[in-house]
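Peer 1: Sharing a structure below in structure tokens format, with a few things to ask.
Number of protein chains: 4
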Amino acid sequence: MDSRRAESFSDGVFAVAITVLVFNLLSIADQTSTAGRHPALTAAYLGHFWPAYLAYVVSFLTIGIMWLNHHTMFSQVTKVDRPVLVLNLLLLMGIVAIPFPTALVADHLTAHGAIGSPASVAAVTYGLVMIVISIGYASVWIYLAAHQQALGARRRVHRPRLSTFRFTFGNAGYVAGTLIALVSPVTALIIFGLLAVYYMIEHLPSESIESDAAVEASEATGQS
Amino acid sequence: MDSRRAESFSDGVFAVAITVLVFNLLSIADQTSTAGRHPALTAAYLGHFWPAYLAYVVSFLTIGIMWLNHHTMFSQVTKVDRPVLVLNLLLLMGIVAIPFPTALVADHLTAHGAIGSPASVAAVTYGLVMIVISIGYASVWIYLAAHQQALGARRRVHRPRLSTFRFTFGNAGYVAGTLIALVSPVTALIIFGLLAVYYMIEHLPSESIESDAAVEASEATGQS
Amino acid sequence: MDSRRAESFSDGVFAVAITVLVFNLLSIADQTSTAGRHPALTAAYLGHFWPAYLAYVVSFLTIGIMWLNHHTMFSQVTKVDRPVLVLNLLLLMGIVAIPFPTALVADHLTAHGAIGSPASVAAVTYGLVMIVISIGYASVWIYLAAHQQALGARRRVHRPRLSTFRFTFGNAGYVAGTLIALVSPVTALIIFGLLAVYYMIEHLPSESIESDAAVEASEATGQS
Amino acid sequence: MDSRRAESFSDGVFAVAITVLVFNLLSIADQTSTAGRHPALTAAYLGHFWPAYLAYVVSFLTIGIMWLNHHTMFSQVTKVDRPVLVLNLLLLMGIVAIPFPTALVADHLTAHGAIGSPASVAAVTYGLVMIVISIGYASVWIYLAAHQQALGARRRVHRPRLSTFRFTFGNAGYVAGTLIALVSPVTALIIFGLLAVYYMIEHLPSESIESDAAVEASEATGQS
Chain A
1 MDSRRAESFS
11 DGVFAVAITV
21 LVFNLLSIAD
31 QTSTAGRHPA
41 LTAAYLGHFW
51 PAYLAYVVSF
61 LTIGIMWLNH
71 HTMFSQVTKV
81 DRPVLVLNLL
91 LLMGIVAIPF
101 PTALVADHLT
111 AHGAIGSPAS
121 VAAVTYGLVM
131 IVISIGYASV
141 WIYLAAHQQA
151 LGARRRVHRP
161 RLSTFRFTFG
171 NAGYVAGTLI
181 ALVSPVTALI
191 IFGLLAVYYM
201 IEHLPSESIE
211 SDAAVEASEA
221 TGQS
Chain B
225 MDSRRAESFS
235 DGVFAVAITV
245 LVFNLLSIAD
255 QTSTAGRHPA
265 LTAAYLGHFW
275 PAYLAYVVSF
285 LTIGIMWLNH
295 HTMFSQVTKV
305 DRPVLVLNLL
315 LLMGIVAIPF
325 PTALVADHLT
335 AHGAIGSPAS
345 VAAVTYGLVM
355 IVISIGYASV
365 WIYLAAHQQA
375 LGARRRVHRP
385 RLSTFRFTFG
395 NAGYVAGTLI
405 ALVSPVTALI
415 IFGLLAVYYM
425 IEHLPSESIE
435 SDAAVEASEA
445 TGQS
Chain C
449 MDSRRAESFS
459 DGVFAVAITV
469 LVFNLLSIAD
479 QTSTAGRHPA
489 LTAAYLGHFW
499 PAYLAYVVSF
509 LTIGIMWLNH
519 HTMFSQVTKV
529 DRPVLVLNLL
539 LLMGIVAIPF
549 PTALVADHLT
559 AHGAIGSPAS
569 VAAVTYGLVM
579 IVISIGYASV
589 WIYLAAHQQA
599 LGARRRVHRP
609 RLSTFRFTFG
619 NAGYVAGTLI
629 ALVSPVTALI
639 IFGLLAVYYM
649 IEHLPSESIE
659 SDAAVEASEA
669 TGQS
Chain D
673 MDSRRAESFS
683 DGVFAVAITV
693 LVFNLLSIAD
703 QTSTAGRHPA
713 LTAAYLGHFW
723 PAYLAYVVSF
733 LTIGIMWLNH
743 HTMFSQVTKV
753 DRPVLVLNLL
763 LLMGIVAIPF
773 PTALVADHLT
783 AHGAIGSPAS
793 VAAVTYGLVM
803 IVISIGYASV
813 WIYLAAHQQA
823 LGARRRVHRP
833 RLSTFRFTFG
843 NAGYVAGTLI
853 ALVSPVTALI
863 IFGLLAVYYM
873 IEHLPSESIE
883 SDAAVEASEA
893 TGQS
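Protein chains in written order, with this note's numbering: chain A, 1 to 224; chain B, 225 to 448; chain C, 449 to 672; chain D, 673 to 896.
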């Protein structure tokens, strides 16, 4: 299968998953609308749902960056085979689940205390989903790197070690965040947000406009 | 109509339908958030919703594999006519409905007992939706195979009997699973999951990278 | 703007809107899951929600056929200007709203009786949304037909009168259905379903594979 | 990255976000379906939810016009780099959130009175989200304009001052609307609707069919 089509389906899934995050905000609106059972809508009452806004921002950035890196990863090849598609499906299964731990964190972040408090259970669940997704990314990446030739790679990956290191660093970040979530759920959520920012800056090699231009130039002159 | 546009709309529907599955998980978050009426959020309480996670995984794999096979099926032709589009619409009507029996199974799988227990009603409903979808696939496939010429088939299907057999085997699996759901809903759900794995491996003929390459090579040399 | 991009956005909206219909089924699952307040899940209890299944099928076919005709309409031109985009937006505003009257019908179809019963209010609302959408289609179609030249029409529409007649017939059907909804909501819903089937068969001119082939052939030979 | 792919992901997000608006209408259907707790479904009862319909129309037009202008903005360039993608992500984060203040307005618009009434809190929240989105648009636009060369701009923007003025006018409109929301939430919502209509007519330069034709003509003759 042409890799573009697999990407196009994945793009659709990413776009829907990132938009589903707004349902956590809609449930706030729901809670404020049942007159009588809740206090009237005031700025203070809306502010009281700050964990939901924080969780929305962190998860939105995370899914957004994951989309970017998903594209970077698949732009390395021109074709995909069945194993890639199946691994990609497992990866998407993790990404689509993100709104679930996001909702848990949004609902329980203020209920923190000892280990095992609702807030830490929620934040640990969040971290575990992220770790599962990281493993998914690593699996697809390792498979793509190992089958570059067969999948019509656009260019050889020259620095596999460095990019592996970067991936490992990010994954270690999610593991550390999950452990920290046991004692300080808010700190953990901030770490997850910072990891998204980290992945914004650091990423898979060879994706700047310059290198694309270089590749196109070399293709035009017949050099690989 | 160019078959790519029909596929692109179908892709969108598949992408949204697969993402809607997360709403079954969000309803878990909902149940844990209504403080007072439910026990506090603990790991054990989250674990207690295992049927929802199992149903999520089974349905996600199922829709994902259905997307793959949908693509394989439509990649055989270059054009689609009205009857194909209408049949495809009926097929999508079944696929979009999948989150419904998934939710039933997620909510009732632990309430099993005699035939007619909520768990068996839920699992039988799941199986019936799968059987309807299987019939939808068979209809589209039979129509496409019968009108290969008119729809600009990329290559003649050389082994219609074998692929028919494979389809029949899969469909028989769903019928068997539905019957088993009467007495053992959990076993049935596992069978539905294994059928998704089966369709991951076994599939319509001629879709490997090698055969595509062969087709392209023969096209390049002017042979049909 | 290239008409393909406007179509691609519209396709996305159609794909999401058609999938949102499953939420009416998910709310059935919700109602069966709150143990204690409702009877246990049985086949009979599930069957009791037949208006929801009927409404799902009618609305799914309706949105699906509207997608087909939307494509047929926009495939006549190669470019779109601002007025087309704004008219198209108004049309989509009606289509996205379809799940709302669908939910009303699903919830109230069994509560019928005299004029003004919940069932007739629901079915009339359904019909009014359909009439608004029909007007939207007519507006886009009239605008496209009037600006064929400027929008780079692929081929001149040779039978504007006939197609206008067909449109009018369909619209009259929705008006008639809405009036019938006042006294017999179930009959009205069946009429809305039959109108979808009617639009499946009868449609805008020149969209068969044969005519496409003819156009391509004439383009290849340099004839307009 | 090719700008088309970034647009295609953004299109998906816009399409889902605009369709999520129907969930505010679905929650009306929900409220009418819980027999016993609410009055029976009548035309008057449905009419009583007019703020939800008004909010639906205003937000639908707003997201729709934002989609149009997003396209216009990105059609100016052929490539996008990391900073553009990150800014675009922040912009989308605001757009995806629109259904949230829409729901607040739908639920509370009739509860107006003094400053700080639920209606004014809802309408001010709506306005603040719009202001954040306006800032997002301005950021992307300023970045694109500053890096036209590097991003492979299709044509030089000749009237940056005028377009900046138009943007500023629109943004000032959202600020004014937000201030008015403090005292008259209904007026504010109407202003937000009129701003959408304003953006329908007034927009970024050089997007008419004529100018596209001119550019293509000049490209064909080798002039930049």
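Note that the Cβ used here is the ideal one computed from N, Cα and C, for glycine as well.
On the criterion of 16 or more Cβ atoms from any shown chain inside 10 Å, does residue 722 (chain D) qualify as buried, or is it exposed?
Peer 2: exposed
Peer 1: Does any C-beta atom of chain B lie closer than 7 angstroms to the C-beta of residue 73 (chain A)?
Peer 2: no
Peer 1: Helix, strand or coil: which one does DSSP assign to residue 226 (chain B)?
Peer 2: Looking at residue 226 (chain B) - three-state DSSP - the assignment turns out to be strand.
Peer 1: Quick check: the stretch 537 to 556 of chain C against the stretch 463 to 473 of chain C, are at least 3 beta-carbon pairs closer than 8 angstroms?
Peer 2: Here the stretch 463 to 473 of chain C lies against the stretch 537 to 556 of chain C, with 3 or more beta-carbon pairs under 8 angstroms apart.
Peer 1: Express the C-alpha separation of residue 474 (chain C) and residue 267 (chain B) in angstroms, rounding to a whole number.
Peer 2: 26 angstroms
Peer 1: Of all Cβ atoms in chain C, is any one closer than 7 angstroms to the Cβ of residue 356 (chain B)?
Peer 2: Closer than 7 angstroms: no.
Peer 1: Are residue 525 (chain C) and residue 601 (chain C) touching if we call contact CB-CB under 7 angstroms?
Peer 2: In this structure, residue 525 (chain C) places its C-beta atom within 7 angstroms of the C-beta atom of residue 601 (chain C).
Peer 1: Could you tell me the distance, in whole angstroms, from the CA atom of residue 783 (chain D) to the CA atom of residue 141 (chain A)?
Peer 2: Those two C-alpha atoms are separated by around 54 angstroms.
Peer 1: Flag residue 532 (chain C) as yes if its beta-carbon sits less than 7 angstroms from any beta-carbon of chain D, otherwise no.
Peer 2: no
Peer 1: Would residue 412 (chain B) and residue 405 (chain B) qualify as a contact pair, given that the criterion is a beta-carbon distance under 7 angstroms?
Peer 2: yes
Peer 1: Whole-angstrom Cβ separation of residue 236 (chain B) and residue 460 (chain C), contact assumed at under 8 angstroms?
Peer 2: Indeed, because the Cβ distance is near 6 angstroms, the residues count as touching under 8 angstroms.
Peer 1: Can you find the residues in the same chain that come closer than 6 angstroms, C-beta to C-beta, to residue 599 (chain C), ignoring five residues on each side of it along the sequence?
Peer 2: When the five nearest sequence neighbours on each side are left out, the beta carbons in the same chain lying within less than 6 angstroms of the beta carbon of residue 599 (chain C) are those of 525, 527, in order along the chain.
Peer 1: Classify residue 666 (chain C) as helix, strand or coil using the three-state DSSP reduction.
Peer 2: Model confidence at residue 666 (chain C) stands at a pLDDT of 44, short of 50, so the residue's coordinates are unreliable; what they give is reported in the following sentence. Note: residue 666 (chain C) maps to helix in three-state DSSP.
Peer 1: Against residue 100 (chain A), what residues of chain G qualify as contacts under a CB-to-CB distance less than 8 angstroms, listed in chain order?
Peer 2: Although the question refers to chain G, the structure presented lacks it and instead comprises the protein chains A, B, C and D.
Peer 1: Could you say which of D:682, D:798, D:693 lies nearest to residue 762 (chain D) if we only look at CA atoms?
Peer 2: D:682
Peer 1: Going by CA-CA distance only, name the one from A:73, A:66, A:41 that's closest to residue 133 (chain A).
Peer 2: A:66
Peer 1: Would you verify that the beta carbon of residue 317 (chain B) is, or is not, closer than 7 angstroms to some beta carbon of chain C?
Peer 2: At a cut-off of 7 angstroms between beta-carbon atoms, residue 317 (chain B) makes contact with chain C.
Peer 1: Evaluate residue 799 (chain D) with the Cβ neighbour count: other Cβ atoms within 10 Å of its Cβ, from every protein chain shown; 16 or more gives buried, anything less gives exposed.
Peer 2: Per the 10 Å Cβ criterion, buried.
Peer 1: Go to residue 507 (chain C), then tell me how far its alpha helix (DSSP H) extends in each direction, as first and last residue.
Peer 2: Element bounds for residue 507 (chain C): 498 to 522.
Peer 1: Residue 308 (chain B) and residue 368 (chain B) look like a contact to me (Cβ under 8 angstroms); what is the Cβ gap, rounded to whole Å?
Peer 2: 7 angstroms
Peer 1: What residue does the alpha helix (DSSP H) around residue 152 (chain A) start on, and which one ends it?
Peer 2: It is not in any alpha helix (DSSP H) - residue 152 (chain A) carries neither H nor E in the DSSP assignment.
Peer 1: Just reading off the alpha helix (DSSP H) that residue 418 (chain B) is part of, what are its end residues?
Peer 2: Unbroken alpha helix (DSSP H) run through residue 418 (chain B): 409 to 425.
Peer 1: On the CB-based measure, 16 or more other CB atoms within 10 Å of its CB, does residue 47 (chain A) come out buried or exposed?
Peer 2: exposed
Peer 1: Under 8 angstroms Cβ-Cβ, which residues of chain A neighbour residue 689 (chain D)?
Peer 2: Below the 8 angstroms Cβ cutoff, chain A contributes 19, 22 as neighbours of residue 689 (chain D), in chain order.
Peer 1: In angstroms, rounded to a whole number, what distance separates the CA positions of residue 409 (chain B) and residue 742 (chain D)?
Peer 2: 49 angstroms
Peer 1: Once the 5 residues before and after residue 177 (chain A) are set aside, which same chain residues still bring their CB inside 6 angstroms of it?
Peer 2: 127, 188, 191, 192
Peer 1: If the cut-off is 7 angstroms on Cβ atoms, which residues from the stretch 486 to 514 of chain C count as contacting chain D, listed in chain order?
Peer 2: none
Peer 1: Determine the extent of the alpha helix (DSSP H) in which residue 528 (chain C) is found, giving its start and end residues.
Peer 2: Neither: residue 528 (chain C) is in no alpha helix (DSSP H) and is coded neither H nor E.
Peer 1: Can you tell me whether residue 569 (chain C) is buried or exposed? The criterion is at least 16 other CB atoms within 10 Å of its CB, across all chains shown.
Peer 2: Residue 569 (chain C) is classed as buried because its beta carbon has at least 16 other beta carbons within 10 Å across all chains shown.
Peer 1: Do you know whose CA, among A:23, A:195, A:6, A:194, lies nearest residue 106 (chain A)'s CA?
Peer 2: A:23
Peer 1: Would you verify that the beta carbon of residue 218 (chain B) is, or is not, closer than 7 angstroms to some beta carbon of chain C?
Peer 2: Outside the shown range of chain B (225 to 448) lies residue 218 (chain B), about which nothing can therefore be said.
Peer 1: Taking the alpha-carbon positions, what's the residue 41 (chain A) to residue 478 (chain C) distance?
Peer 2: Whole-angstrom Cα-Cα distance: 27 angstroms.
Peer 1: For residue 786 (chain D), count the other beta carbons within 10 Å of its own beta carbon; 16 or more makes it buried, fewer makes it exposed. Which is it?
Peer 2: Burial is judged here by how many other beta carbons sit within 10 angstroms of a residue's own beta carbon; residue 786 (chain D) has fewer than 16 and is exposed.
Peer 1: Taking 7 angstroms as the CB-CB cut-off, is residue 424 (chain B) touching chain A?
Peer 2: Chain A contact via Cβ: present.
Peer 1: At the level of alpha carbons, what is the spacing between residue 159 (chain A) and residue 72 (chain A)?
Peer 2: Note that residue 159 (chain A) scores a pLDDT of 49, beneath 50, so its modelled location is shaky; the value from the coordinates is reported in the next line. Cα atoms of residue 159 (chain A) and residue 72 (chain A): separation of roughly 15 angstroms, rounded to the nearest angstrom.
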